[in-house]
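Asker: Below is the structure I would like to discuss, written out as structure tokens.
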């Protein structure tokens, strides 16, 4: 939303960066380990020009960074790694997938989220003392 | 992502429903109390035809439900209320806004999230025993 002063709220800006199907799916593959153009292409079955555009958009937005690599006997190629800002989107992707699992049920989940000690994790509201707050006990109000 | 069996993962399906700027902003206004067409239009400064299309999409997707109302001396009109599936998106919107606040800083936040007893809440990863898990301690793997 453009506010009267010409700025936009942080939700709107976030959607502008990640609110597109392929962009989020490229990020999903980065989270589960893809770094090379050929890996993203093979896993997503996406056209090369579309993939190149999405990767460039994610680099411009600061969510992926280019990281060169070179196979023996081949020319140097671009690889892609998640930046800090990109890694922090994991929470959003997990929340979105969790909602899809519950409210658009049809097939299995795309990604499993676990803590380093192997426990399944979910995304929840938590108060300033670290206590989980049920979704129904959260109020939204204009900031 | 379309999987080999023609299905799609729950993240991709979720993005198909909500991965559009106006759709998420219409939902944001519903969360902070808008129910009438005129309220959404005034708050968002959105063209009537675009708003009508987004509201219809959200009703079709089961996130909003039509709820008629009638002002004295006027014809009956459509109002819109969040369904259970719509209300559950609050977690996703909060996660997305939180990420925007931290990684696309520019202006104030759009919505404040509080528990019923007035405590500020955030979205976090939580394990199956209710303990908060730091973002960096969460691993994503193909399900």
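Chains as they are written, first to last, in this note's numbering: chain A, 79 to 221; chain B, 79 to 221.
Note that beta-carbon positions come from the ideal geometry of N, C-alpha and C, so glycine has one too.
Might you give, ordered along the chain, the residues of its own chain that have their beta carbon closer than 6 Å to the beta carbon of residue 136/A, omitting 5 neighbours on each side?
Answerer: If we look at residue 136/A and ignore the five residues flanking it on each side, its Cβ neighbours are 142.
Asker: How long is the line joining the alpha carbons of residue 170/A and residue 159/A, rounded to whole angstroms?
Answerer: Going by the C-alpha atoms only, they are around 18 Å apart.
Asker: Among 211/A, 200/A, 206/A and 204/A, which has the Cα closest to the Cα of residue 206/B?
Answerer: Comparing Cα positions, the closest option is 200/A.
Asker: Quick check on residue 179/A: buried or exposed, where buried means 16 or more other Cβ atoms within 10 Å of its Cβ?
Answerer: Buried: at least 16 other Cβ atoms inside 10 Å.
Asker: Any idea what DSSP makes of residue 117/A, helix, strand or coil?
Answerer: Residue 117/A falls in the helix class under three-state DSSP.
Asker: Beta-carbon of residue 115/A versus every beta-carbon of chain B: anything under 8 Å?
Answerer: No - not a single Cβ of chain B is within 8 Å of the one on residue 115/A.
Asker: Could you name the residues of the same chain whose beta carbon sits closer than 6 Å to that of residue 213/A, not counting the 5 residues immediately before and after it, in chain order?
Answerer: So no residue of the chain qualifies.
Asker: Along the chain, where does the alpha helix (DSSP H) that runs through residue 173/A open and close?
Answerer: Unbroken alpha helix (DSSP H) run through residue 173/A: 168-181.
Asker: Pop quiz: residue 221/A and residue 190/B are said to be a contact at Cβ under 8 Å. What is the actual Cβ separation, rounded to whole angstroms?
Answerer: Confirmed, about 4 Å.
Asker: So that I know if they touch, is there some Cβ in chain A lying closer than 8 Å to that of residue 30/B?
Answerer: Residue 30/B lies beyond the residue range present for chain B, which begins at 79 and ends at 221; the question has no answer from this structure.
Asker: With a threshold of 8 Å, are at least 3 pairs of Cβ atoms found where one atom belongs to the stretch 111-120 of chain B and the other to the stretch 113-129 of chain A?
Answerer: No: the two stretches stay apart, fewer than three of their Cβ pairs being nearer than 8 Å.
Asker: Just to confirm, is the Cβ distance from residue 105/B to residue 182/B under 8 Å?
Answerer: No, the Cβ-Cβ distance between residue 105/B and residue 182/B is not below 8 Å.
Asker: For chain B, check one thing: does any of its Cβ atoms lie closer than 8 Å to the Cβ of residue 151/A?
Answerer: By this cut-off, residue 151/A is not an interface position.
Asker: Using a C-beta to C-beta distance shorter than 9 Å, which residues of chain A count as neighbours of residue 213/B?
Answerer: The contacting residues are 165, 166, 168 and 169.
Asker: So is residue 190/B in contact with chain E if we call contact Cβ pairs under 8 Å?
Answerer: No chain E is part of this structure, whose protein chains are labelled A and B.
Asker: Could you pull the start and end residues of the alpha helix (DSSP H) that residue 132/B belongs to?
Answerer: Residue 132/B -> alpha helix (DSSP H) spans 126-138.
Asker: Which bits of chain A does residue 226/B rub up against, with CB to CB less than 7 Å?
Answerer: No answer is possible for residue 226/B: it lies beyond the span of chain B, which begins at 79 and ends at 221.
Asker: So, at 7 Å on beta carbons, what are the nonlocal neighbours of residue 83/A in its own chain, with the 5 sequence-adjacent residues on each side left out?
Answerer: Any reading at residue 83/A needs caution, since the residue's pLDDT is 45, under 50, leaving its predicted position unreliable; the model's value is listed next. Closer than 7 Å at Cβ, skipping near neighbours: no residue.
Asker: What are the boundary residues of the beta strand (DSSP E) that includes residue 160/B?
Answerer: Here the beta strand (DSSP E) through residue 160/B covers 155-160.
Asker: Is any beta-carbon of chain B found at less than 8 Å from that of residue 90/A?
Answerer: Yes, residue 90/A lies at the interface with chain B (some Cβ there is under 8 Å from its Cβ).
Asker: State buried or exposed for residue 209/A, treating a residue as buried only when at least 16 other CB atoms are found within 10 Å of its CB.
Answerer: Looking at its Cβ environment, which holds fewer than 16 other Cβ atoms inside 10 Å, residue 209/A is exposed.
Asker: So residue 164/B packs on residue 157/B, CB below 8 Å; how close in whole Å?
Answerer: Not quite, the Cβ-Cβ distance comes to about 14 Å (not below 8 Å), so this is no contact.
Asker: Nearest to residue 91/A by alpha carbon, out of 99/B, 95/B and 90/B?
Answerer: Per the Cα distances, 99/B.
Asker: Starting from residue 193/A, follow its DSSP beta bridges and name the residues at the other end.
Answerer: Looking at the DSSP assignment, residue 193/A forms a beta bridge with 216/B.
Asker: Could you tell me whether the Cβ atoms of residue 196/A and residue 175/A are closer together than 8 Å?
Answerer: Their beta carbons are not under 8 Å apart, which means residue 196/A does not touch residue 175/A by this criterion.
Asker: Could you tell me the distance, in whole angstroms, from the CA atom of residue 218/B to the CA atom of residue 128/A?
Answerer: Distance between the alpha carbons of residue 218/B and residue 128/A: 24 Å.
Asker: Taking the C-alpha atoms as reference points, what is the distance between residue 192/B and residue 95/A?
Answerer: Going by the C-alpha atoms only, they are around 26 Å apart.
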